[in-house]
Amino acid sequence: MKVATFAIGGERRIGVVNQERQTVAPFDLAQQAADRGILALIGLAKLPPLLNPIPLGEVTLEAPIPRPVRNIFCVGKNYHEHAKEFASSGFDSSAAQGTVPQHPIIFSKLPECVVPHRAPVFLDPGVSSAIDYEAELAVIIGKGGRRITKADALDHVWGYTIINDVTARDLQGRHSQWLIGKSQDTFGPMGPWAVTRDEIDLASTQVRCWINGEIRQDQSTAALIFDVPTLIATISEGITLVPGDIIATGTPAGVGIGFKPPRYLVPGDVMRVEISGIGILENEVRERAA
Ligand code: MG
76 MKVATFAIGG
86 ERRIGVVNQE
96 RQTVAPFDLA
106 QQAADRGILA
116 LIGLAKLPPL
126 LNPIPLGEVT
136 LEAPIPRPVR
146 NIFCVGKNYH
156 EHAKEFASSG
166 FDSSAAQGTV
176 PQHPIIFSKL
186 PECVVPHRAP
196 VFLDPGVSSA
206 IDYEAELAVI
216 IGKGGRRITK
226 ADALDHVWGY
236 TIINDVTARD
246 LQGRHSQWLI
256 GKSQDTFGPM
266 GPWAVTRDEI
276 DLASTQVRCW
286 INGEIRQDQS
296 TAALIFDVPT
306 LIATISEGIT
316 LVPGDIIATG
326 TPAGVGIGFK
336 PPRYLVPGDV
346 MRVEISGIGI
356 LENEVRERAA
């Protein structure tokens with residue numbers, strides 16, 4: 076099931092997407108519940124009834140979880156080729172761990188940086204001159220817990236979505252900790268919707284990213300250094316995960332920093348991230364007005 080959060084007539088709704096028919100059927104939910112996006116469905120024993128489908132063209136998609144319950148967990152250097160390209164970039168403040176990390180590198184993005192499909196991502200030349208894209212599969216936790224075992228981990232997953240972990244490389248390097256470089260306003264495109272976990276086979280899910288139609292990233296999640304169960308087990312070892320938590324699993328090789336010279340984003344660039352089984356998340360880069 077594909078579930079979108081969207082706006083129509085000034086109100087937020089959530090509903091089931093039918094891609095063939097290009098419609099979305101809203102759940103019959105109170106406004107207060109729908110305002111939470113798909114968080115409203117997580118943990119429900121029974122899904123609410125569906126109302127009549129609406130053409131997708133008549134709604135404005137919002138991020139599936141417009142305001143995450145807390146910081147988004149993110150994973151650094153979680154594909155081998157990307158770990159190499161980042162380690163050789165000169166911006167890698169985690170280099171002491173070696174080119175390929177022995178343990179998952181976990182950092183976070185602030186919830187307020189989340190923006191939906193088609194929303195602009197703003198570059199502020201007064202703050203950063205090295206902004207990059209990172210296509211990623213994101214896990215949405217359905218059932219919380221502490222000390223979740225790898226064997227049980229996927230039972231705790233509600234579903235998946237796409238996150239573009241937009242990053243200011245110069246800030247990421249300068250401040251050692253990555254939070255500032257990863258959490259700039261609008262640096263968290265998420266969408267276009269979420270899918271329930273049964274729709275994704277982690278052994279063969281392709282993560283792709285194009286910039287202005289040129290393919291830059293193209294790899295299967297089968298190539299993750301630390302797989303989804305390992306990430307859930309690692310984070311939950313001493314941190315209780317809660318329903319609605321999001322884990323962005325890391326990006327494949329092909330980010331701008333990997334090119335010589337680097338190919339950073341410039342105003343007018345269109346970032347298109349596609350993950351098989353989910354959909355396409357597209358965002359244009361614009362310069363922030365002074
Ligand atoms: Mg990332």
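Read in order, the letters of the sequence shown correspond to residues 76 to 365 in this note's numbering.
Don't be surprised by glycine CBs; every beta carbon is placed ideally from N, CA and C.
Per-residue burial, residue i [other beta carbons within 10 Å of its own, 16 or more giving buried]
i	result
Gln259	buried
Gly173	exposed
Val175	exposed
Ile324	The amino acid occupying residue 324 in the given sequence is Thr; Ile does not appear at that position. The residue in question, Thr324, is buried, as its Cβ has 16 or more Cβ neighbours within 10 Å.
Ala364	exposed
Asp103	exposed
Asn239	buried
Lys335	exposed
Val341	exposed
Same chain, Cβ closer than 8 Å to residue i, five either side skipped, listed in chain order
i	result
Lys225	Pro304, Thr305, Ile307 and Ala308
Given residue i as reference, the closest of the options once Cα atoms are compared
i	options	result
Gln252	Thr315, Thr261, Gly234 and Phe182	Phe182
Leu125	Arg111, Pro141, Gly151 and Asn93	Asn93
Gln292	Ala205, Gly90 and Glu160	Glu160
Pro318	Val144, Thr98 and Asp110	Val144
Cys284	Val99, Glu211 and Ile332	Glu211
Ala213	Ala105, Gly331 and Val348	Val348
Thr98	Cys188, Asn127 and Pro327	Asn127
Ile216	Trp233, Ala109, Ala170 and Arg222	Trp233
Ala297	Leu229, Ala278, Glu312 and Ser311	Ala278
Arg87	Ala108, Pro186, Ser169 and Leu119	Ala108
Leu229	Asp110, Asp302 and Glu95	Asp302
Short Cβ contact (9 Å threshold) for residue i with residue j
i	j	result
Ile147	Ile321	yes
Asp199	Tyr339	no
Sequence-distant residues of the same chain with beta carbon closer than 6 Å to residue i, five excluded per side
i	result
Val345	Asn287 and Glu359
Gln281	Ser295 and Ser351
Ile275	Tyr235 and Gly352
Residues near residue i by beta carbon distance below 7 Å, same chain, minus five either side
i	result
Ile113	Val78, Thr80, Ile89, Pro139, Ile140 and Ala269
Proximity test, residue i beta-carbon vs the ligand COA heavy atom, cut-off 8 Å
i	result
Cys188	The ligand COA is not part of the structure shown, which contains the ligand MG as its ligands.
query = Counting pairs of Cβ atoms below 8 Å between the stretch 278-293 and the stretch 127-139, do you hit three or more?
reply = no
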